[in-house]
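Student: Have a look at this one.
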Amino acid sequence: MVGLSGSGKSTLARSLENNLFEMGYLTKLLDGDNLRSGINNNLGFTDEDRTENIRRAAEVSKLFADCGVVTICSLISPTAAIRSMAREIIGDDLFYETFINCPLAVCEQRDVKGLYAKARKGEIKKFTGIDAPFEDPVEPSLEIRTDLHSIEECQAQLLDQILPKIKPQ
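Residue numbers for the sequence shown, in the working numbering: 39 to 207.
Next up, the structure:
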């Protein structure tokens with residue numbers, strides 16, 4: 039799942055993980071917070087560090103997927119190049135790009151951590167959406183507009199689209 043901070047990625051990812059677990063699937067959620075507090079705790083927010091953050095997440099995801107674990111990644115993944123690298127690592131047949139789309143203004147209103155306000159004041163440099171770019175995916179596997187639908191509708195849409203992709207053939 040890719041999208042701006044505050045778009046709803048983590049909320050939808052946790053919901054998907056819970057739903058799949060209740061259905062008997064073995065799942066693992068990787069998001070920016072748990073990765074950056076552990077395996078990626080030595081990375082900052084330079085372009086190189088952002089790329090390495092996603093590279094490591096993709097490598098870990100591939101390891102989990104190879105064991106049959108449904109791995110849900112909830113990461114900003116700001117550029118097409120970064121997302122392409124992740125797709126190449128994980129493999130086209132296992133990679134499912136879900137764009138959690140929400141306008142910047144709405145993301146800023148939802149900002150419970152106050153990150154956008156800090157970025158606007160210059161306290162956080164190179165914050166995605168403010169002074170660092172976010173490139174909308176051109177052809178995501180799925181796009182969910184969290185500003186236009188309720189959380190329940192978004193959760194249902196995500197689950198409906200993901201289940202056929204993970205059910206054994």
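Every residue, glycine too, gets a C-beta built ideally from N, C-alpha and C.
Here the structure is a predicted model, which is why all the values come from computation and not from measurement.
1. Buried or exposed: where does Asn120 fall if 16 or more other Cβ atoms within 10 Å of its Cβ makes it buried?
2. Within its chain, find whatever has a CB closer than 6 Å to the CB of Ser53; leave out the 5 residues flanking it on each side and keep chain order.
3. CB-CB under 6 Å to Leu180, same chain, minus the five flanking residues each way: which ones, in chain order?
4. Under 7 Å from any heavy atom of the ligand PLP, does the C-beta of Asn91 make it?
5. What residue from Asn79, Ala95, Asn80 has the CA that sits closest to Lys66's CA?
6. Mapping DSSP to helix, strand and coil, what is Glu181?
7. Touching or not, the stretch 122 to 142 and the stretch 96 to 110, by the rule of three or more beta carbon pairs under 8 Å?
8. For the alpha helix (DSSP H) that contains Ile127, what are its first and last residues?
9. Of all the options Gly160, Lys205, Ile110, which has the alpha carbon lying nearest to the alpha carbon of Lys47?
10. Looking only at DSSP bridge pairs, what is Ala170 linked to?
11. Taking the beta strand (DSSP E) that Phe137 falls in, what are its first and last residues?
12. Which value, in whole angstroms, describes the spacing of the CA atoms of Cys105 and Ala118?
13. Do Ser45 and Thr166 have their beta-carbon atoms positioned less than 8 Å apart in this structure?
14. Quick check on the DSSP output: the alpha helix (DSSP H) that includes Thr84 runs from which residue to which?
Tutor: Taking the definition as stated:
1. A small correction: the amino acid at residue 120 is Ile; Asn does not occupy that position in the sequence shown. By the 10 Å Cβ count, Ile120 comes out buried.
2. Gln193
3. Thr136, Gln199
4. As far as ligands go, the structure on display features none, and thus does not contain the ligand PLP.
5. Ala95
6. strand
7. yes
8. 118 to 128
9. Ile110
10. Thr166
11. 136 to 139
12. 27 Å
13. no
14. Looking at the DSSP string, Thr84 is not in any alpha helix (DSSP H), and its letter there is neither H nor E.
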